[in-house]
């Protein structure tokens with residue numbers, strides 16, 4: 141195939157930031173994605189209906205004219221979140237709330253340290269049809285085992301709120317996928333990023349130190365990567381795209397205490413097309429990018445299409461905002477047309 | 141104890157670099173160490189007797205007047221090394237030769253890809269009483285398993301050259317120590333760095349990305365760290381200090397492709413005193429720093445002493461050459477006096 145036209149995709153996990161950075165990066169998501177689930181771990185965070193409305197306005201103001209893009213809004217759960225806050229946020233259009241364990245990633249200092257204390261809030265989410273998105277890492281565990289060691293907490297949540305829809309975000313290891321398959325639970329899904337389909341820990345620390353390959357959860361072994369690839373390429377119904385595209389200015393990455401996050405929005409679809417094409421499965425791309433996630437969230441499919449063409453895409457070395465993108469300087473064999 | 145005076149230590153693994161960097165950093169080793177085994181992976185590398193003589197001169201010229209410091213010279217093994225090169229280097233005073241597998245660390249591009257091809261050279265080293273120092277990582281293995289997966293190659297060398305003295309440098313994992321103990325071989329020893337007694341992989345990638353904690357082999361799990369600590373504190377006869385102090389300018393660490401290496405020379409003794417003191421074993425410090433290594437190498441003990449005092453040592457945030465030291469900005473409770 142020289143080109144493939146797919147239904148306009150959704151990105152079910154993206155960081156658009158705020159202010160100048162938001163104005164710089166939103167175009168790269170809005171260009172190719174019909175919708176994106178926008179993470180609430182801004183600074184200050186998105187905690188309630190008022191924040192949701194204000195942040196939605198800020199995002200929409202950053203969408204270039206002519207692009208059709210809908211931000212899917214979220215709130216961040218803290219120990220101050222109440223059932224009323226949840227219900228009000230839902231009325232304001234938030235479709236999900238995000239659980240960050242304390243200290244696991246960017247701006248998670250005031251995250252949750254005891255999931256059980258959230259159960260009344262989670263019940264309210266269950267009642268009003270809000271999805272729980274989880275950064276599933278146990279911060280006190282060894283870095284490579286944080287994800288698998290968090291899984292029992294997800295089981296605790298399942299037992300307390302069996303009808304709550306729950307997404308384990310940006311899974312990186314085979315253990316999480318086994319957990320997903322063992323549960324056979326229609327209310328549980330995972331998102332998978334583009335970079336975790338391509339990187340292992342060797343790409344972060346195995347040669348020189350590569351801050352632009354550093355994210356949380358950190359990339360794991362090649363066996364883990366292959367398990368993710370298998371789930372994505374086999375059309376697993378409960379695995380869908382969440383890029384976790386996370387822009388940081390170059391100076392926040394290339395420094396003594398580098399931020400976690402990979403800015404993949406500009407290359408995500410092209411890189412995915414290459415991955416699916418290399419495996420002779422381009423016809424399955426659309427399911428991963430455009431329908432499996434909408435099905436899980438109970439959203440209509442996007443109108444419109446995106447076309448990917450087999451032509452050289454030299455990835456820019458830098459993007460507005462001074463952000464180094466994933467695969468900077470490489471040339472991809474596929475390109476998404478605007 | 142408020143102070144401890146020990147025989148002047150040896151550092152059996154240090155990178156002094158060349159040119160301006162060498163002139164900047166040599167003082168920090170010469171200040172407290174009577175001797176140091178100087179690594180030959182400079183650029184260009186130290187490959188033969190001529191290089192040994194020239195490099196020794198360059199190092200000695202960088203030792204400040206009044207300090208008594210002897211560089212212990214090494215050559216780097218490549219596939220171009222011959223038995224004659226080895227014998228000539230030995231005559232020029234080189235006491236060891238270093239084996240870097242191809243591609244494992246700084247300036248190892250032209251390293252060794254087939255250890256067996258080196259056997260004639262290793263036999264010549266065995267004959268003339270030269271020590272083999274090994275960076276024991278299998279480059280094609282997953283980063284955290286490279287060290288343990290290299291161990292069979294060491295057994296190959298043992299079988300071919302049973303009388304060759306061999307040091308497995310900067311060991312980082314429990315498997316290497318088990319290997320050492322299983323062999324019960326008087327001709328085999330390991331060096332242990334200060335930073336591997338203090339760091340795990342969590343300190344590199346577990347929070348923000350810390351390039352100043354990034355070295356090869358990379359720090360492993362806490363279980364591995366505790367195994368190293370146990371060996372050092374128990375006075376293991378075949379474990380001695382090699383700091384692997386490896387200065388890089390700040391810009392070579394805080395960048396898109398950060399160099400591996402931790403500059404520990406300025407803090408090594410103070411940090412060690414703290415480690416031994418915290419475990420109530422200050423009386424064993426001298427064995428690790430000043431006699432176990434000399435015994436293995438068959439060298440006389442150093443003349444002179446170094447005194448460590450229990451007083452506040454605020455580690456500078458930067459050293460001449462623009463190098464960020466290990467533990468920069470921290471305050472250590474022990475300080476080595478000049």
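Residue numbers (the working numbering), protein chains in the order written: chain L, 141 to 478; chain F, 141 to 478. Backbone N, C-alpha and C define an ideal beta-carbon position, used for all residues, glycine too.
Sheet register partners of residue i (DSSP bridge)
i                      : result
residue 151 of chain L : L:176
residue 236 of chain L : L:214, L:271
residue 306 of chain F : F:272, F:328
residue 385 of chain F : F:154, F:402
residue 453 of chain L : L:472
residue 445 of chain F : F:147
residue 252 of chain L : L:241
residue 349 of chain L : F:398
residue 465 of chain F : F:403
Residue i Cβ short of 7 Å to the ligand NAP heavy atom set
i                      : result
residue 147 of chain L : Looking at this structure, you won't find the ligand NAP or any other ligand, since it has none at all.
Status (buried if at least 16 other CB within 10 Å, exposed otherwise) for residue i
i                      : result
residue 258 of chain L : buried
residue 414 of chain L : buried
residue 401 of chain L : buried
residue 471 of chain F : exposed
residue 188 of chain L : buried
residue 191 of chain L : buried
residue 224 of chain F : exposed
residue 265 of chain F : buried
residue 465 of chain F : buried
residue 164 of chain F : buried
residue 452 of chain F : exposed
residue 469 of chain F : exposed
residue 200 of chain L : exposed
residue 205 of chain F : exposed
Rounded straight-line distance, which links the Cα of residue j to that of residue i
i                      : j                      : result
residue 314 of chain L : residue 367 of chain L : 5 Å
residue 511 of chain F : residue 298 of chain F : Within the shown structure, residues of chain F are numbered from 141 to 478, placing residue 511 of chain F beyond reach of any answer.
residue 479 of chain L : residue 337 of chain L : Only positions 141 to 478 of chain L appear in this structure, which leaves residue 479 of chain L out of reach.
residue 195 of chain F : residue 169 of chain F : 16 Å
residue 183 of chain F : residue 302 of chain F : 32 Å
residue 186 of chain L : residue 216 of chain L : 6 Å
residue 439 of chain F : residue 378 of chain F : 15 Å
residue 293 of chain F : residue 260 of chain L : 58 Å
residue 229 of chain F : residue 460 of chain L : 55 Å
residue 347 of chain F : residue 462 of chain L : 23 Å
residue 363 of chain F : residue 179 of chain F : 29 Å
residue 406 of chain F : residue 275 of chain F : 23 Å
residue 211 of chain L : residue 234 of chain L : 10 Å
residue 412 of chain L : residue 419 of chain L : 11 Å
residue 198 of chain F : residue 160 of chain L : 52 Å
residue 171 of chain L : residue 430 of chain L : 15 Å
residue 372 of chain F : residue 350 of chain F : 26 Å
residue 381 of chain L : residue 273 of chain F : 48 Å
residue 250 of chain L : residue 244 of chain L : 10 Å
residue 306 of chain L : residue 326 of chain L : 10 Å
residue 290 of chain F : residue 148 of chain L : 49 Å
residue 321 of chain F : residue 238 of chain L : 49 Å
residue 157 of chain F : residue 287 of chain F : 25 Å
residue 300 of chain L : residue 358 of chain L : 29 Å
residue 214 of chain L : residue 417 of chain L : 33 Å
Residue span of the beta strand (DSSP E) that contains residue i, given as start and end
i                      : result
residue 380 of chain L : 379-381
Endpoints, the alpha helix (DSSP H) within which residue i is located
i                      : result
residue 323 of chain L : 314-323
residue 161 of chain L : 159-170
residue 277 of chain F : No alpha helix (DSSP H) holds residue 277 of chain F; DSSP gives it neither H nor E.
residue 461 of chain F : No alpha helix (DSSP H) holds residue 461 of chain F; DSSP gives it neither H nor E.
residue 362 of chain F : 362-373
residue 228 of chain F : 223-231
residue 424 of chain F : First-last for residue 424 of chain F: undefined, no H or E at that position.
residue 202 of chain L : 189-202
residue 296 of chain L : 286-300
residue 436 of chain L : 432-437
residue 142 of chain F : Per DSSP, residue 142 of chain F belongs to no alpha helix (DSSP H) and is neither H nor E.
residue 337 of chain L : 335-338
residue 392 of chain F : 390-393
(request) Take every Cβ of the segment 282-289 of chain L, pair it with every Cβ of the segment 338-353 of chain F, and state whether three or more of those distances are shorter than 8 Å. (result) Short answer: they touch.
(message) Under 8 Å: do the segment 312-327 of chain L and the segment 385-401 of chain L share three or more Cβ pairs, one atom per stretch?
(response) No contact exists between the segment 312-327 of chain L and the segment 385-401 of chain L.
(request) Count the CB pairs spanning the segment 439-453 of chain L and the segment 390-401 of chain L that are closer than 8 Å, and state whether there are at least three. (result) In short, these stretches do not touch, since the Cβ pair count stays below three.
(request) Say whether the segment 141-152 of chain L touches the segment 428-438 of chain L, bearing in mind that this needs 3 or more beta-carbon pairs closer than 8 Å, one atom from each stretch. (result) A contact between stretches requires three or more CB pairs, one per stretch, nearer than 8 Å, and the segment 141-152 of chain L meets this requirement with the segment 428-438 of chain L.
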